[in-house]
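Here you go:
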């Protein structure tokens, strides 16, 4: 649960957009009233081993899916549910 809370806070509060005065990295998703699209992508945690990919450090699929669905629920609880997509 702590990792879900951390990721939720970071996704909603990270300042990636400029403000009305042209300042860079000043506003977040909430301030801009933006939507968020989550993409489950296990291959991002793969590494190359020899001539092929290796995913031994990735979570087992059932555990990863549970983490992903808990993250979606947490984001929908913390922000506007209709603005969280997956």
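Residue numbers (my numbering): 5 to 90. Even glycine gets a Cβ: it sits at the ideal position worked out from N, Cα and C.
Nearest-angstrom Cβ-Cβ length linking residue 62 and residue 50, presumed shorter than 8 Å: As a working mapping, residue 62 is identified with position 58 in the chain shown. As a working mapping, residue 50 is identified with position 46 in the chain shown. With 8 Å as the limit, residue 62 and residue 50 qualify as a contact, their Cβ atoms being about 7 Å apart.
Meets three-Cβ-pair contact criterion under 8 Å: the segment 63-80 and the segment 20-37: no
Limits of the unbroken alpha helix (DSSP H) element including residue 16: Taking the chain shown and counting its residues from 1, one reaches residue 16 at position 12. From DSSP, the alpha helix (DSSP H) with residue 16 extends over 6-17.
Same chain, Cβ closer than 8 Å to residue 42, five either side skipped, listed in chain order: The residue labelled residue 42 in the question sits at position 38 within the chain shown. Closer than 8 Å at Cβ, skipping near neighbours: 72, 75, 76, 79, 88, 89 and 90.
Inter-residue Cα distance where the pair is residue 25 and residue 18: Locating residue 25 in the chain shown gives position 21, counting from the first residue. Locating residue 18 in the chain shown gives position 14, counting from the first residue. Going by the C-alpha atoms only, they are around 19 Å apart.
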